[in-house]
Structures are given as structure tokens and as C-alpha cells.
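*Asks:*
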Ligand code: AMP
């Protein structure tokens, strides 16, 4: 039997644990999640294990980062399952605050990163990145970790967090972990459970298309033409396309002609489910 994980729900209890570790000269890594833990999250816990003595996993479905017509209420929640798999994966502490702990009455401060948050997912989801930036800033201040691990699955989010940590001089190293995929290429996501069997069968075409765009770029095709071909392919397969974009990997600035290095990113809808994915160009495998 795997040992039960220590669960804390208040900033006070969290800080008592972290202070004890610090007194013992132990280093701390934070893996923020919204729960519905899958192998993608667990890969970040494994990466954290190589980076620090202690691992905090946070579980908080952050209302601030959902739009009014988005899936906040439907978002999958299963804390006891999450606690068990996180314990087995080597996480030392589960920080699972109530919304009232995170956002007490009269909470009114917002962290807004600007620039990087204005297009791609930011254009389709107004206020989303302010919600992410605000909660991640709070999690970093509450946990005060040496390192925090985020997935490249949410590539724009990873860059937004690196930027806010730099801009606000938060003393933490942000580390990106590679995307974990199903055997057929679909990136693992808590939202994949929303897909019907028919949608699930179509979903891997997203990754295949991103790879096809990257291959066309490798062959010298211009960024705009390759992205447009990707959008056309996805629409033909029945996806509603939010964007297919070829961007500068560190700044997400648009690229237009032939490129040497880029990130290819897309967001699509299959029915009510929004899926995002991205690949590096040149492809790594
Ligand atoms: P979420 O619970 O969806 O907010 O995700 C929590 C963290 O896990 C974020 O840093 C995500 O980028 C990361 N993550 C989600 N899915 C994957 C995946 N398939 N591979 C790697 N990391 C992931």
C-alpha cells in the first residue's frame, strides 16, 4: 500500500510544513495542478524529484481563469484518487485550498502580464491569463519553492509564468516539462474525458497536423502558408479552429516567411471541448 499523502488546506498549515523543511536545509519544488491527475502531471512530479528534496503538488481549480461560459463547474474533480496517485509518484504534500482560502472576502488584486497574454489563447479567452498569473503568483508566494515545474503542453502559459517571475523578481526557477502523449499522439489532458468516442478517434489528428506543419517548415515552406495549410486540414477533419500559429519560441512573436526555429501551436474545438497542443520546429523526434 502506498503511504497516504499529507494534505493541507490553509496557507498557515502549508507554511508550517515548508518552514520545517527549510530548517532541515531541504529544497522544495512546486507542481501546480487543477487536479484530475494524469500521467502528464505525474511526469512533472518525477521531474521535480530530480530537482529537489521535497515536492508540493497544489490542487486548485482556479475560478479566476475560467470564462463565464467555460467548464469551471464541469471540470473533473476527484481529490481522493489524485491524492493516492500523487503519493505513489513521490509527492510529499498536497496543497488543496478552498476558494475562500485563496480568495478571501474583498480580494481585489490582479496580476496582469500584458504583451505575451494578448493573442493566441489570450485572444480567445479574455481574462484567462490574468487568472493564471494571479493564482500562480499567489501559489509561488504561499509555497516559496526553489523551483516550480510547468508543462510545455500549456506553452503560452509557461512563457507567461517565466515572464511574471522575471518581471516581479520572484525568487524561483521555472522549469518546463515535455508533453506526455497517448500512444496515438493525443496530448494528455484532464479535458480529454469530455470527448465522445467519435471525437476521441479524431482528436490525434491535431498532433499529426502540427507535425505536418513543422515538416513543411523544415522543407522551407513559409510560416504563413504552412499555418494556413494546417488550419485547412483541421477544418476539413471537422475541428473548429481557434488558431494554428507559427511563432518565435521565446517571445511568441509572429513569424511569416521561411524559418529556422519556431514553435507551432494550435487551439481547436471538437464539439464543446477545447484542445490545445504544440510542437517544436525542428521536430525533436
Ligand atoms: P492543469 O491541471 O491542466 O492545469 O495542468 C497542470 C500542469 O500540468 C500544467 O503545468 C500543465 O502544462 C501540465 N500538463 C498538463 N497536461 C500535460 C501533458 N500532457 N504533459 C505534460 N504536462 C502537462
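Numbering (the working numbering), first residue to last: 98 to 382. Even for Gly, the Cβ is constructed at its ideal location relative to N, Cα and C. None of the values given here were measured: they were computed from a predicted structure.
#1: Let me check understanding here. Comparing Cα to Cα, which of 278, 266, 312, 221 lies closest to residue 358?
#2: Who does residue 366 pair with in a DSSP beta bridge?
#3: Check for me: the alpha helix (DSSP H) holding residue 169 runs from which residue to which?
#4: Does the Cβ of residue 226 lie closer than 8 Å to at least one heavy atom of the ligand AMP?
#5: Going by C-alpha to C-alpha distance, which of 294, 112, 225 sits closest to residue 167?
#6: So, is residue 138 buried or exposed, given that buried needs 16 or more other C-beta atoms within 10 angstroms?
#7: Starting from residue 252, trace the beta strand (DSSP E) in both directions and tell me its first and last residue.
#8: Less than 8 Å separating the Cβ of residue 276 from some heavy atom of the ligand AMP?
#9: Excluding five sequence neighbours on each side, which residues of the same chain lie with their C-beta closer than 7 Å to the C-beta of residue 466?
#10: If residue 323 and residue 310 are in contact, beta carbons under 8 Å, what's the gap, nearest whole angstrom?
#11: For the ligand AMP, I want to know if residue 338 counts as a neighbour, meaning its beta carbon is within less than 8 Å of at least one of the ligand's heavy atoms.
#12: Rounded to whole angstroms, what is the Cα-Cα separation between residue 203 and residue 314?
#13: Please report the residue range of the beta strand (DSSP E) in which residue 78 lies.
#14: Leaving aside the five residues before and after residue 241 along the sequence, list all residues of the same chain whose C-beta is less than 7 Å from its C-beta, in chain order.
#15: Please list the terminal residues of the continuous beta strand (DSSP E) segment that includes residue 382.
*Replies:* Reading off the structure:
#1: Locating residue 358 in the chain shown gives position 261, where the first residue counts as 1. Among 278, 266, 312, 221, the Cα nearest to that of residue 358 is on 312.
#2: Along the chain shown, read from residue 1 onward, the residue named residue 366 stands at position 269. Looking at the DSSP assignment, residue 366 forms a beta bridge with 337, 371.
#3: Your numbering for residue 169 matches position 72 in the chain shown. Looking at the DSSP string, residue 169 is not in any alpha helix (DSSP H), and its letter there is neither H nor E.
#4: Taking the first residue of the chain shown as 1, we reach residue 226 at position 129. The answer is no for residue 226.
#5: Position 70 of the chain shown holds residue 167. The shortest Cα separation from residue 167 among 294, 112, 225 belongs to 225.
#6: Numbered from 1 along the chain shown, position 41 holds the residue referred to as residue 138. Buried, by the Cβ-count rule.
#7: Within the chain shown, the letter at position 155 stands for residue 252. For residue 252, there is no enclosing beta strand (DSSP E); the enclosing alpha helix (DSSP H) covers residues 252-264.
#8: The residue you call residue 276 lines up with position 179 of the chain shown. At least one heavy atom of the ligand AMP is nearer than 8 Å to the Cβ of residue 276, so yes.
#9: No answer is possible for residue 466: it lies beyond the span of the chain, which begins at 98 and ends at 382.
#10: Reading the chain shown from its first residue, position 226 is the one you call residue 323. Reading the chain shown from its first residue, position 213 is the one you call residue 310. Between residue 310 and residue 323 the Cβ distance is about 5 Å, and since that is below 8 Å, they are a contact.
#11: Counting from 1 along the chain shown, the entry for residue 338 is found at position 241. In this structure, residue 338 has its beta carbon at no less than 8 Å from each heavy atom of the ligand AMP.
#12: Translated into positions along the chain shown, residue 203 becomes position 106. Translated into positions along the chain shown, residue 314 becomes position 217. If I take the Cα positions, the gap works out to 50 Å.
#13: Lying outside 98 to 382, the shown extent of the chain, residue 78 is not represented and no answer is given.
#14: The residue you call residue 241 lines up with position 144 of the chain shown. Cβ within range, chain order: 115.
#15: What you label residue 382 is simply residue 285 of the chain shown in a count that begins at 1. From DSSP, residue 382 is part of no beta strand (DSSP E); its letter is neither H nor E.
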